[in-house]
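Chains as they are written, first to last, in the working numbering: chain B, 1 to 259; chain V, 260 to 585; chain S, 586 to 889.
By construction, the Cβ of each residue, glycine as well, lies at the ideal position given by its N, Cα and C atoms.
It should be emphasised that the depicted structure is a prediction, and the values quoted were computed from it without experimental measurement.
The structure appears right after this line, and notes come after that.
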Amino acid sequence: MLLQLDDVVLRFAGNTVLENIRFGVEENSVASLIGPNGAGKTSLFNCITGFYRPQQGSITFGGEELLKRKPHAVTRLGIARTFQNVRLFREMSVLDNVMAGQHCRSRAGAFSAILGLPSQRAEERRVREICEECLEFVGIADEADRIATNLAYGHQRLVEIARALATQPRLLLLDEPAAGLNSSEKTELVRLIRRIRDERGVAVLLIEHDMGLVMEVSEHISVLDHGRIIAEGNAETIQNDPAVIEAYLGQDEDELELT
Amino acid sequence: MATNKVTTRPAPGAIERLYAAFDDPRRRWALYAVIIALLLLAPPVVGRYGTVILTNALLYVILALGLNVVVGFAGLLDLGYAAFFAVGAYTTGILTQQFGFNFWLTIPFALCAAAIAGVIIGGPTLRLRSDYLAIVTLGFGEIVRIGARNLEITGQASGLTGIPSPSVFGYTLTGPTTYYYIFAALAVLAVIAAQRLLHSRLGRAWLYVRHDEDAAEAMGINRVRVKLAAYITGAVFGAIGGVFFAANLGAISPQSFSFQQSVLVLMAVILGGMGKIPGVILGAFIVILGPELLRDIGSLRLLVFAVILLLIMLFRPSGIWPGRRS
Amino acid sequence: MSLTDILIQQLVNGLVLGSFYALVALGYTMIFGVIKLLNFAHGDIYMVGAFVGFGALSLVSGTIGAGWMGIFVAMFVAMIAVGFLGVVIEQVAYRPMLSAPRLSILITALAVSLVLQNAALALTDGQVTAFRTDLGFGGVSLGAVFVNYTQIVLVASAIVLMIGLELFVSRTMYGKAMRAVSLDKDMCRLMGINVQRVIAVTFFAGSALAAAAGVMAGVQYGRIWYFMGFLIGLKAFTAAVIGGIGSITGAMLGGLILGLLEAFATQIPHIGGEWKDVFTFGVLILVLVFKPTGLLGKSEVERM
């Protein structure tokens, strides 16, 4: 397992948000986390990426314990994420946004920047090339110089993915990447997720409400309800699991239409 | 709620065209040449008094560019910036006057002292909410000023006098015109340094942290470290200003490092538009030359400034320099 | 003086100082509670209170004299006038900024502080104004320690004001709304609470308390000037932080603790005079670093 969670418990002011979570993501795979609103999916992301600190349990990534690490250290180890509501850096160009991802893979400081040392210039060039390649990969290279927040919504989501890829991760966490996308953009997204896995060798874990997309793209699905994992398996197992149907009953009927 | 959303753009006039020139890389160099020429030719034109005032304005350009790194780039409100200026000035003052150091030798000490001061104030406090940080910096500024007023080594309230003038190749640096050119050179260097920082890995990291700390963290940016780097960089700019300020006047006293000084530098940064280098330079000139023009109204002068600051925040929080067009 | 006498003397000094700090800290904490803004101008509001009180006292001293009667009238006038000033500041400067980035609103608060300060500077020409009263020098003796009646009355009035505030916050509709607004503004709007009005009332109350403290400081120290709010603003903030910002009881407690700490610190060699301010800021930094929620503050959800 590339990422392994064991017995993770998270409480906020006495409320148990996540209860004894045991869960894993395999190398080079696409896994999904589904569940009704408020089930604790984003909280689980925040635990993995170091934004929340679970009270107990263990989260290992490639054999390294993540629990005591800060978010930036987790990213450095090779986990990148996107946010549920796109969070791009305002007033900055698309390329500048993506360059944020390379920060932890480069090292020039104030001195070398002020003096304009050759090593700093070479590093800048390298960073720029890597980030341009990431933009190329997600298909928005021609928008590199525009202000990121002026882009169409679907493209803003792509900038976020490119920015995450620029950290050169081994695992990419996508928080509802299809929200707000139209159907052709969703098809593109499925292709992109597969290419991320196949061409870059990056494992993907996504939180998503669009069941069609989840069933189509994931090799492994985990269902979270009230802070607990109630079912796991491939698309077929999940669709026939009585506990899952129970959890979604009374929910939105559309979400059950598993095409 | 919806106040500052719509920015009306007036028809392009002379000022707009000047702004546009800064955006165009080719015309920008021509403009720089004009500015340098003006800087070189100014002293004989403006006379002795004018040269002294301009020297002060150039000092403020250096200070404002330094504070701009902290406030404009990294988005941290520092209300005690004069402390770093003081650390630079007093380090040079004490080392030359009481320990007989050569002036040039004191510079590395002053820079180190400022960097250490930056770490001392920033290290424990940069994790705090931004408003707490602001008030801690205010307290820190006061601690430094009170320290200078009460310690033997800093000459207490009367300060240090008789700081020897530095010399280069046997030529002693004295007189307003000499210092004017020294400060002009320093200001140009400061502009170049600020510009290069802004377009570097660290400069971008400051902007990321300013816009969205969480997203920056998620991208692998250690925000505490990046903010500390902003503090230290700002401190070093301030200390350089302080070192040459001490050399220029030959005497320093605690009054030069009061809260009002910090506010004045901050005002230059905000007036020009936080984070925008040409704007900040303009802001520094306005806060120094403005009072000269308003000399007649005496103590109302500071009130006028305060009201302008308030109006800027309410009606044009991005400062007088226009934003980047896309 | 024996050691006990010194301790009692400093206890008295600490109580007087502490009640000023507590009154000003209350405003910080209340305003912070409802709009999460550190009102930098709060110290200057205290200063304006002192000047308005001075003006009112000069007006009434002809008819009712500048004794306690006159002082209380002046204090009342200052509280009302400065309370409205607080409301005006909130409406003009802070309300339009509430959705702006935090840095902008902090700078706006600083700008308001500078406007008040420099307006006072321009009006007084930077001179210290003598705050004259007809109060005598009577008092009671506790061993070798002499406690002035003025000090007793001031501490008592501060306590009365704080009890009044406590009753206001816990018993009245506005007080309850104030606490609700500090917890969840959006929910309050949904419940039909007039959030803007609650914020305005909070500014009124906070500013009025600061004004009362300003008048008291004038009475106690006999001199007022345009820069008097700067240091006390910093210190009251320290007091609010010690007590736990957002907590009303905390602000009172923090004010008292800071007043006592400062009074006793003056007895430690080398911490007299101006060094005691350095001592206070040291305390502030230590509290912020090691216990940023203060004594009674609630911790926010733990996250990185």
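Per DSSP, the beta-bridge partners of SER726/S are PHE731/S. Per DSSP, the unbroken beta strand (DSSP E) holding PHE61/B starts and ends at 56 to 61. By the Cβ neighbour-count rule, LEU816/S is exposed, with fewer than 16 other Cβ atoms within 10 Å of its own.
Under the three-state reduction of DSSP output, LEU881/S falls in the coil class, being neither helix nor strand. By alpha-carbon distance to GLY233/B, the top candidate from ARG11/B, GLY14/B, ALA13/B and GLU26/B is GLU26/B.
For GLN805/S, the closest alpha carbon among the candidates PHE617/S, LEU846/S and PHE722/S is that of PHE722/S. VAL800/S is not a Cβ neighbour of VAL780/S, given a cutoff of 8 angstroms.
Per the C-alpha coordinates, the member of ALA247/B, GLU219/B and ASN240/B positioned closest to HIS226/B is ALA247/B. PHE866/S and GLY429/V have their alpha carbons spaced roughly 46 angstroms apart.
For the alpha helix (DSSP H) assignment, the uninterrupted runs of no fewer than 4 residues enclosed by the segment 117 to 196 of chain B are, from N- to C-terminal side, 118 to 138 and 153 to 165.
Ranked by how close their Cα comes to the Cα of LEU768/S, the residues GLY599/S, LEU600/S, LYS621/S and GLY603/S have LYS621/S in first place.
In chain V, no part has a C-beta under 8 angstroms from the C-beta of THR42/B; the shortest such distance is about 13 angstroms.
Interface with chain B (8 angstroms Cβ-Cβ cutoff): TYR430/V is excluded.
Listed along the chain, the chain V residues whose CB falls inside 9 angstroms of the CB of PHE23/B amount to none; the nearest CB is some 20 angstroms away. Under DSSP, ALA203/B takes part in a beta bridge, and its partners are LEU171/B. Spatial neighbours of LEU95/B in its own chain (CB-CB distance under 8 angstroms, excluding positions within 5 residues in sequence) are listed in chain order as ARG128, CYS131, GLU132, LEU135, ALA144 and ASP145.
For the pair of segments examined, the segment 66 to 75 of chain B was found not to touch the segment 449 to 456 of chain V: the number of CB pairs separated by less than 8 angstroms stays below three. Using a 10 angstroms sphere on the CB of PHE83/B, the tally of other CB atoms reaches 16 or more, which defines it as buried. For TYR811/S, the three-state secondary structure derived from DSSP is coil.
Residues of chain S whose Cβ lies closer than 8 angstroms to the Cβ of TYR391/V are, in chain order, LEU623, VAL826, LEU873 and PRO877. Contacts between ALA565/V and chain S, judged by CB atoms closer than 7 angstroms, involve ALA696, LEU699, VAL700 and ASN703 in chain order. For ARG22/B, the uninterrupted beta strand (DSSP E) segment begins and ends at 15 to 25. Going by beta carbons, TRP580/V and LEU548/V fall outside the 8 angstroms limit. As the crow flies, the alpha-carbon of ALA393/V is around 11 angstroms from that of ILE380/V. Here DSSP, grouped into helix, strand and coil, assigns ARG717/S to coil. VAL8/B is not a Cβ neighbour of GLY40/B, given a cutoff of 8 angstroms. At a cut-off of 8 angstroms between C-beta atoms, SER424/V does not count as an interface residue with respect to chain S. Residue nearest to SER698/S within the set PHE822/S, GLY638/S and ASN624/S is ASN624/S (criterion: CA-CA distance). Pairing ALA231/B with ALA243/B gives a Cβ-Cβ distance under 8 angstroms.
Ranked by Cα distance from GLY359/V, the options PHE564/V, SER424/V, ILE295/V and VAL395/V are led by SER424/V.
By the Cβ rule, the segment 383 to 399 of chain V counts as touching the segment 475 to 493 of chain V, because three or more pairs are nearer than 8 angstroms. With contact defined as three or more Cβ pairs closer than 8 angstroms, the segment 633 to 644 of chain S and the segment 703 to 721 of chain S are in contact.
For the pair ASP473/V and ILE114/B, the Cα-to-Cα distance works out to about 27 angstroms. With the criterion set as a beta carbon lying under 9 angstroms from some beta carbon of chain V, the members of the segment 848 to 867 of chain S are GLY858, GLU859, TRP860, ASP862, VAL863, THR865, PHE866 and GLY867, in sequence order.
Contact annotation: in the segment 378 to 409 of chain V, no residue has its CB less than 9 angstroms from a CB in chain B. The shortest C-alpha to C-alpha distance from PHE516/V to any of GLY532/V, ALA498/V, ILE529/V and LEU530/V is the one to ALA498/V.
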